Amino acid sequence: MNKQDVERIISFRQELHRFPELSGAEQQTAERIVCMLRTIGVDEIYQNIGGHGVVGVIHGETAGASVALRADMDALPIAEANETGHASEHQGVMHACGHDGHAAMLMGAALSLLKNRPASGRVVLIFQPAEELGTGAPAMLEDGLLERFPVDAMFGLHNWPGVEAGRFVIHDRPHMASSDDFDIEFHAEGGHGAMPHLSSDPVLASGLFVTALQQIVSRNINPEDIAVVSVGSLQSGFASNVIPTSASLKGTARSFRPEVRQDIEKRIHDIAQGVALATGCTQTIDYRRSTPPVANDPDCTVLSRSVVEELWGAEGLVEHPISMGADDMGAFLEAVPGVYAWIGNGAGCHAPQLHQPDYDFNDSILEKGSRFLSHVARRFLDNNQ
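Using the working numbering, read the sequence shown as starting at 1387 and increasing by one per residue.
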C-alpha cells in the first residue's frame, strides 16, 4: 500500500473506534464496512450473515481455489479512559480488544488484492460480529457461510500487547483455549443468622464449592495438560443476620484438549451435587460450551511463517506463550484448515492490555497486518492453482 492507502485505512480504523458497538448490535459498524467495500470496488458484497456479518468476494483473473480472510468487529462494555481525537463517542462502550484494527487490516488487505488481483481463485473477506460473546462464528456457520462461500483455508490476525509492535507470532500448537461458562445456584430454606441449625445455608455451600473447584486442576487434571477454572461472580443475601434462600455463582473453564474439557465439565457437576448433598441444599447448574480451542493447521502454519520471513526476514517472527484467552475463530478452524496469527501491538511494562480502558490499537502496525493477510491469501492461491 502507498502512503495514501495507509492513511485511508488508519482513518477507517479510527472511525470504527469512535463509534463502537456491542456484540450483536454492530449494525452501523457493518454499514461502515459495506460502504468502504463498495468504495474500494470489492466485486461482491453480502450482508446480515449470522447477524450483522458482512462478506465480500474478490475474484482472481481466472477460476481456482478459494481462501478466506476473517476479522471481528464488535466492541466491549468498557468506558474508555483515553483522550485521543478518535476516542469512543459511545458512553460505556469501546474497542478495547482491537477489533477495529482487525477490520481495518482486513480492509487494507482487500485494497491491496484489488490493486493487484490474484492470478487465479477468489478471496472471501469475512467481517464477523459477536466475537466477544463467542457466538458470531457459530452463527455465521449456522447461517450457511461455508455452503454459500466454500473455501479451502481461512486466515486471521489478532493484535497482541506484550509483543513488539509489528512482529508476528504463529504457533504450531493450540494457542487459545476452549471456553465454557457455568451458572450455579444453591437453594435453601433460609433463616435467622443466629439460628443456623434450623436452616441449610447456601452461602456455606457456595464457599465450599469455590474451594472444592480448586482441586480440579491441581488433583484431577494431568499436570502435563493446561486448564483453568475460575469463579468470577458470587451473589447472595443482603443482611448480616439473615441466612438467604439462595446463592448464585458464575464461572469459566478453559482448556485445550477435548478429553480435559469433558473431565472438567463432569467434575464441576459432581462437585456441585456433592456440596449440595453435604450442606443440605439443592442446586441447579447451567453449563454452556462456548468456543473450541484455536489450533493452526500445520501446512498453513508453514505457509504463514514463510510469508513473514519473505517480507520481513526471520526477525519478523518471535516466540510467545500460548493464551488461556478464547476466540471463536476456533469454530471456523474446526470447519476449515487455517491460521490465526498474532501481530505485536507493543511491548514493555506500560503497553496497554486487551480489555482495559486505556487500550488502543497501534496504528503503526496496520500496514504490516494488511500486507501479511494479502500476501498469505495470494500465496495460498498460487500454491493451489
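Backbone N, C-alpha and C define an ideal beta-carbon position, used for all residues, glycine too.
Model, not experiment: these values are computed from the prediction.
- Task: Please classify R1534: does DSSP put it in a helix, a strand, or coil?
- Result: helix
- Query: Tell me which same chain residues have a C-beta within less than 7 Å of the C-beta of T1687, skipping the five on either side of it?
  - Reply: I1556, D1558, V1725
- Take the Cβ of D1714 as the centre, count every other Cβ of all protein chains shown within 10 Å, and call the residue buried at 16 or more, exposed below. buried
- Message: For E1528, which residues in the same chain have their Cβ closer than 8 Å to its Cβ, ignoring the five residues on either side in sequence?
- Response: G1436
- Message: Nearest by alpha-carbon distance to T1670: which of T1677, V1661, S1676, P1678 is it?
- Response: V1661
- Query: Between which two residues does the beta strand (DSSP E) carrying R1456 extend?
  - Reply: 1448-1458
- Any idea if F1624 is buried or exposed, counting beta-carbon neighbours within 10 angstroms, 16 or more meaning buried? exposed
- Message: Could you check whether G1711 and M1491 sit closer than 7 Å to each other, using their CB atoms as the reference points?
- Response: no
- Query: CB L1543 to CB G1716, shorter than 7 Å?
  - Reply: no
- Among residues of its own chain, excluding the 5 on either side of S1452, which ones have a beta-carbon nearer than 7 Å to its beta-carbon? G1507, R1508, V1510, P1536, V1537, D1538
- Continuous beta strand (DSSP E) stretch holding H1561: start and end: Here H1561 belongs to no beta strand (DSSP E), and DSSP marks it neither H nor E.
- Task: Specify, as a first and last residue, the run of the alpha helix (DSSP H) that I1751 falls within.
- Result: Element bounds for I1751: n/a, residue is neither H nor E.
- Message: Here's the rule: buried if 16 or more other CB atoms are within 10 angstroms of the residue's CB, otherwise exposed. What is V1684?
- Response: Just to set this straight, residue 1684 is Pro in the shown sequence, not Val. Exposed: under 16 other Cβ atoms inside 10 Å.
- Query: When DSSP labels each residue in this structure, what does V1693 get in the three-state scheme?
  - Reply: helix
- For E1720, I'd like the list of residues in its chain whose CB is within less than 7 Å of its CB, leaving aside the five on either flank, ordered along the chain. P1678
- Which residues in the same chain have their Cβ closer than 7 Å to the Cβ of Q1433, if we skip the five residues on either side of it in sequence? A1416, V1420, V1440
- Task: With DSSP collapsed to three states, give me the class of E1571.
- Result: strand
- Output the distance between the C-alpha atoms of I1629 and S1622, rounded to the nearest integer angstrom. 9 Å
- Query: Between A1574 and P1588, which are expected to be in contact by the criterion C-beta below 8 Å, what is the C-beta distance as a whole number of angstroms?
  - Reply: 5 Å
- Query: Taking the C-alpha atoms as reference points, what is the distance between S1585 and A1664?
  - Reply: 13 Å
- Taking DSSP as the reference, what is the three-state secondary structure of R1765? helix
- Check the DSSP bridge columns for H1736 and list the partner residues they point to. The partner list for H1736 (beta bridge, DSSP) is empty, contrary to what the question assumes.
- Task: Report all residues from its chain with a CB closer than 6 Å to the CB of V1617; omit the five preceding and five following residues, and keep chain order.
- Result: V1596, L1635, G1637
- Message: Rounded to whole angstroms, what is the Cα-Cα separation between A1681 and A1495?
- Response: 23 Å
- Query: Is L1511 near the ligand COA, with its Cβ less than 6 Å from a heavy atom?
  - Reply: This structure simply doesn't include the ligand COA, nor any ligand for that matter.
- Hey, out of V1615, Q1648, L1620, S1619, whose CA is closest to R1640's CA? V1615
- Take S1351 and list the residues in its own chain whose beta-carbon comes closer than 6 Å to its own, dropping the five residues that flank it on each side. Since the first residue of the chain shown is 1387 and the last is 1771, residue 1351 is not available in this structure.
- Item | Neighbourhood of G1548 by C-beta, 7 Å cutoff - its chain only, sequence neighbours within 5 removed | A1733, A1737
- Item | Within 7 Å, strictly: CB atoms of G1730 and E1550 | yes
- Does the distance from the C-beta atom of F1572 to that of Y1673 stay below 7 Å? no
- Task: Using a threshold of 7 Å, state whether the C-beta atoms of G1522 and Q1514 are closer than that.
- Result: yes
- Task: Put N1434 into one of helix, strand or coil per three-state DSSP.
- Result: strand
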